[in-house]
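Undergrad:
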């Protein structure tokens with residue numbers, strides 16, 4: 420089952436157009452990714468510090484489907500997927516919840532596993548792979 | 420009883436020093452303020468739109484007591500207080516929760532009630548005053 | 420000739436991984452878009468207020484090629500392009516400048532012209548179209 | 420002479436109230452601090468990495484005097500001042516520039532010099548002290 424992260428839109432997410440700033444949808448999707456991993460026992464910042472592995476985002480694609488206003492309750496639904504030995508993708512849908520559940524955005528990010536010291540690609544670490552398999 | 424807003428620190432809250440960026444503590448306190456009002460039936464953005472009242476922040480003071488790292492669970496505890504007919508203050512304490520509850524920051528903001536159309540000060544609206552009295 | 424926007428990376432652009440947070444590349448590209456339009460005589464916020472036109476971003480794609488650290492001097496190079504009657508795209512390249520000019524990111528955004536009051540698509544306004552033609 | 424940092428207000432600085440979000444004034448003042456130090460030959464991030472010194476902000480005070488809208492040209496004027504052996508303050512004034520120069524905010528931050536490894540206070544490093552003296 421996809422992980423669902425619940426969140427309220429705050430003033431600091433919005434811009435003078437009155438709704439969430441486009442780049443902020445990506446931050447919100449990233450929060451969902453952090454929460455999903457933490458919920459599966461992999462606190463990401465701790466994981467980076469402990470293993471010397473970093474997982475930069477290499478690509479992102481986003482479709483902004485509906486504006487989101489301050490105070491709105493949203494849900495980020497995430498599905499990870501292995502791309503190859505070193506890379507995985509996350510498909511995130513941001514849902515409006517009121518008055519009915521409607522897609523507000525769809526975001527796809529590609530993540531590459533790298534050894535911090537050498538900057539070389541490495542296989543997806545087992546703890547991350549386990550999360551991908553359980554959540555896919 | 421003071422309102423308590425629960426929050427996790429995210430990567431987007433931090434900077435290259437590895438911990439939450441100082442200005443971000445104020446954003447987090449503001450999230451708590453929005454949540455406290457919403458919980459008492461006053462969704463702030465809706466309130467501004469419906470009443471033509473705006474409540475800009477005139478002053479802030481902050482003491483940054485402890486660094487906060489990505490993944491940390493924090494609590495924002497808020498106490499509002501009337502200053503005069505048009506102004507109120509909010510005292511916000513941000514608490515670390517692990518391994519023990521410790522103060523991470525203390526933030527005080529002053530808020531002025533203004534009629535949007537004329538930019539003139541007006542008395543604190545009843546809905547906000549009610550929240551202040553119930554939460555003080 | 421493409422517009423070139425010069426910028427320094429600040430602490431508030433970075434996260435605990437020590438480099439610019441991925442979503443922040445999109446904000447920086449948007450700054451370049453605002454600067455490019457302002458330089459051609461179309462201050463965007465004023466334009467929205469005066470015309471009742473809004474131009475939300477419908478899609479974005481980004482490739483993050485190199486990390487950027489606090490203090491780095493970067494250049495955002497922008498090329499707009501008409502997609503159809505109501506839509507245009509912007510190709511933005513973010514360049515590192517030191518020690519040599521190297522691509523740090525490539526970002527493509529799609530923008531849709533909308534009448535604010537009705538939320539209906541409208542033709543690209545002449546002032547924007549003129550910028551697209553002069554800068555393409 | 421105080422250092423003056425020139426900056427344009429961007430959409431990402433604003434919130435749904437249509438003007439710069441209060442916490443963002445502090446980020447903008449911090450940009451000015453980074454630029455002032457860089458201009459005097461002390462790129463702050465590099466300095467932290469090279470010396471093992473960090474300089475967290477212990478306190479901030481801000482008065483928000485005038486709203487700032489997207490597209491506005493602003494100037495941040497900074498004056499540093501020694502507090503004691505380990506601490507200095509920065510007084511930053513953010514100026515609107517159009518139609519006339521008017522104060523938009525005043526921000527005071529207190530900075531403590533700390534050895535990163537031990538988290539102990541240390542005297543203000545000579546390079547920083549030199550900047551304080553030249554800019555005061």
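Protein chains in written order, with our numbering: chain A, 420 to 555; chain B, 420 to 555; chain C, 420 to 555; chain D, 420 to 555.
Glycine included, C-beta positions come from ideal geometry on N, C-alpha and C.
Small disclaimer: the values here were computed from a predicted structure and weren't measured.
Can you list, in chain order, the residues of the region 451–477 of chain D whose Cβ is nearer than 8 Å to any Cβ on chain C?
TA: Within the region 451–477 of chain D, the residues whose Cβ lies closer than 8 Å to some Cβ of chain C are 453, 454, 457, 462, 463, 464 and 465, listed in chain order.
Undergrad: According to the Cβ coordinates, are residue 502 of chain B and residue 508 of chain B closer than 8 Å?
TA: The sequence position of residue 502 of chain B within the second chain is 83, counting from 1. The sequence position of residue 508 of chain B within the second chain is 89, counting from 1. Yes, Cβ-Cβ distance for residue 502 of chain B and residue 508 of chain B is below 8 Å.
Undergrad: For residue 530 of chain A and residue 499 of chain A, I'd like the C-alpha separation in whole angstroms.
TA: Numbered from its first residue, the first chain carries residue 530 of chain A at position 111. Numbered from its first residue, the first chain carries residue 499 of chain A at position 80. Each residue's Cα considered, the two are about 10 Å apart.
Undergrad: Which of the three DSSP states is assigned to residue 422 of chain A in this structure?
TA: Numbered from its first residue, the first chain carries residue 422 of chain A at position 3. If DSSP states are grouped into helix, strand and coil, residue 422 of chain A belongs with the strands.
Undergrad: Could you tell me which residues DSSP puts in a beta bridge with residue 499 of chain D?
TA: In the fourth chain, the residue the question calls residue 499 of chain D occupies position 80. Per DSSP, D/509.
Undergrad: For residue 543 of chain B, which residues from the same chain have a beta carbon less than 8 Å from its beta carbon, with the 5 sequence-adjacent residues on both sides left out?
TA: Taking the second chain and counting its residues from 1, one reaches residue 543 of chain B at position 124. Same-chain partners within the cutoff: 501, 504, 505, 506, 507, 532 and 551.
Undergrad: Could you please give the first and the last residue of the uninterrupted beta strand (DSSP E) stretch that includes residue 528 of chain B?
TA: On the second chain, position 109 is the one that residue 528 of chain B refers to. Run containing residue 528 of chain B: 521–531, per the beta strand (DSSP E) assignment.
Undergrad: Would you check if the distance between the CB atom of residue 476 of chain D and the CB atom of residue 528 of chain D is smaller than 8 Å?
TA: Mapped onto the fourth chain, residue 476 of chain D falls at position 57. Mapped onto the fourth chain, residue 528 of chain D falls at position 109. Taking 8 Å as the Cβ cut-off, residue 476 of chain D and residue 528 of chain D qualify as a contacting pair.
Undergrad: What's the call for residue 434 of chain A, buried or exposed, on a 16-neighbour Cβ count within 10 Å?
TA: Your numbering for residue 434 of chain A matches position 15 in the first chain. Answer is buried; the Cβ neighbour count reaches 16.
Undergrad: By a C-beta neighbour count over all protein chains shown, 10 Å radius and 16 as the cutoff for buried, is residue 454 of chain C buried or exposed?
TA: Here residue 454 of chain C refers to the residue found at position 35 when the third chain is read from its first residue. Buried, because 16 or more other Cβ atoms sit within 10 Å of the Cβ of residue 454 of chain C.
Undergrad: Considering only the alpha carbon of each residue, which of B/487, B/445 and B/482 lies closest to residue 518 of chain B?
TA: Here the question's residue 518 of chain B lines up with position 99 in the second chain. Checking every option, the nearest Cα to that of residue 518 of chain B belongs to B/487.
Undergrad: Listed from N- to C-terminal order along the chain, which residues in the region 432–451 of chain A have their beta-carbon within a distance smaller than 7 Å of any beta-carbon of chain B?
TA: Listed in sequence order: 446, 449 and 450.
Undergrad: For residue 534 of chain B, name the three-state secondary structure that DSSP assigns.
TA: Walking along the second chain from the start, residue 534 of chain B turns up at place 115. Residue state, collapsed to three classes: strand.
Undergrad: Mind checking whether the beta-carbon of residue 555 of chain C lies closer than 7 Å to any heavy atom of the ligand SAM?
TA: No copy of the ligand SAM appears in this structure; indeed no ligand is present at all.
Undergrad: Can you check whether the CB of residue 497 of chain D is closer than 8 Å to the CB of residue 421 of chain D?
TA: Mapped onto the fourth chain, residue 421 of chain D falls at position 2. Mapped onto the fourth chain, residue 497 of chain D falls at position 78. Cβ distance < 8 Å, so residue 421 of chain D and residue 497 of chain D count as in contact.
Undergrad: Per DSSP, what are the beta-bridge partners of residue 433 of chain C in this structure?
TA: Mapped onto the third chain, residue 433 of chain C falls at position 14. C/439.
Undergrad: Buried or exposed for residue 553 of chain B, going by 16 or more other Cβ atoms inside 10 Å?
TA: In the second chain, the residue the question calls residue 553 of chain B occupies position 134. Label assigned to residue 553 of chain B: exposed.
Undergrad: Checking contacts by CB at 8 Å: is residue 425 of chain A closer than that to chain B?
TA: Locating residue 425 of chain A in the first chain gives position 6, counting from the first residue. Cβ-Cβ to chain B under 8 Å: no for residue 425 of chain A.
Undergrad: Is residue 461 of chain C closer than 8 Å to residue 546 of chain C when the C-beta atoms are compared?
TA: Position 127 of the third chain, counted from the start, is the residue given in the question as residue 546 of chain C. Position 42 of the third chain, counted from the start, is the residue given in the question as residue 461 of chain C. Contact flag set, yes.
Undergrad: What are the boundary residues of the alpha helix (DSSP H) that residue 464 of chain D is part of?
TA: Taking the first residue of the fourth chain as 1, we reach residue 464 of chain D at position 45. Residue 464 of chain D -> alpha helix (DSSP H) spans 463–470.
Undergrad: So is residue 480 of chain D in contact with chain B if we call contact Cβ pairs under 8 Å?
TA: Locating residue 480 of chain D in the fourth chain gives position 61, counting from the first residue. So yes, residue 480 of chain D belongs to the interface.
Undergrad: Looking at the structure shown, is residue 494 of chain C part of a helix, part of a strand, or coil, going by DSSP?
TA: What you label residue 494 of chain C is simply residue 75 of the third chain in a count that begins at 1. The answer is strand: DSSP assigns residue 494 of chain C an E or B state.
Undergrad: Are at least three pairs of beta-carbons, each pair with one atom in the region 440–459 of chain C and one in the region 424–442 of chain D, less than 8 Å apart?
TA: At 8 Å Cβ cutoff, the stretches touch.
Undergrad: Label residue 489 of chain C either buried or exposed according to how many other C-beta atoms from any shown protein chain fall within 10 Å of its C-beta, with 16 as the threshold for buried.
TA: Against the third chain, residue 489 of chain C aligns to sequence position 70. Buried, since its Cβ has 16 or more Cβ neighbours within 10 Å.
Undergrad: Quick check: is the beta carbon of residue 507 of chain D nearer than 8 Å to any beta carbon in chain A?
TA: Residue numbering aside, residue 507 of chain D sits at position 88 when the fourth chain is read from its first letter. Cβ-Cβ to chain A under 8 Å: no for residue 507 of chain D.
Undergrad: Measure the alpha-carbon distance for residue 456 of chain B versus residue 450 of chain B and round it to whole angstroms.
TA: The count along the second chain starts at 1 and reaches residue 456 of chain B at position 37. The count along the second chain starts at 1 and reaches residue 450 of chain B at position 31. Cα to Cα, the separation comes out at about 10 Å.
Undergrad: Compare the C-beta of residue 489 of chain B with all C-beta atoms of chain C and state if any pair is closer than 8 Å.
TA: Taking the first residue of the second chain as 1, we reach residue 489 of chain B at position 70. True, the Cβ-Cβ gap to chain C drops below 8 Å.
Undergrad: Whose C-beta lies closer than 7 Å to the C-beta of residue 555 of chain D among residues of the same chain, with five residues either side of it excluded?
TA: Working through the fourth chain from its first residue, we reach residue 555 of chain D at position 136. The residues are 498, 499 and 500.
Undergrad: Applying a beta-carbon distance threshold of less than 7 Å, which residues of chain A neighbour residue 430 of chain B?
TA: Working through the second chain from its first residue, we reach residue 430 of chain B at position 11. The contacting residues are 449 and 453.
Undergrad: Nearest CA to the CA of residue 541 of chain B: which residue from B/471, B/447 and B/465?
TA: Looking up residue 541 of chain B in the second chain gives position 122. It is B/471.
Undergrad: Would DSSP call residue 476 of chain C helix, strand or coil?
TA: Your numbering for residue 476 of chain C matches position 57 in the third chain. DSSP places residue 476 of chain C in strand when its eight states are reduced to three.
Undergrad: Taking residue 448 of chain A as the reference, which of A/521, A/534, A/513 and A/465 has the closest Cα?
TA: Position 29 of the first chain, counted from the first residue, corresponds to residue 448 of chain A. Of the candidates A/521, A/534, A/513 and A/465, the one whose C-alpha sits nearest the C-alpha of residue 448 of chain A is A/513.
Undergrad: From this set, A/458, A/437, A/481 and A/463, which residue's C-alpha is nearest residue 464 of chain C's C-alpha?
TA: Here the question's residue 464 of chain C lines up with position 45 in the third chain. When only C-alpha atoms are compared, the closest one is A/437.
Undergrad: Is residue 481 of chain C helix, strand or coil when you go by DSSP?
TA: Numbered from 1 along the third chain, position 62 holds the residue referred to as residue 481 of chain C. Residue 481 of chain C: strand per DSSP, three-state reduction.
Undergrad: Going by DSSP, what residue range makes up the alpha helix (DSSP H) through residue 553 of chain A?
TA: Against the first chain, residue 553 of chain A aligns to sequence position 134. First-last of the alpha helix (DSSP H) with residue 553 of chain A: 545–554.
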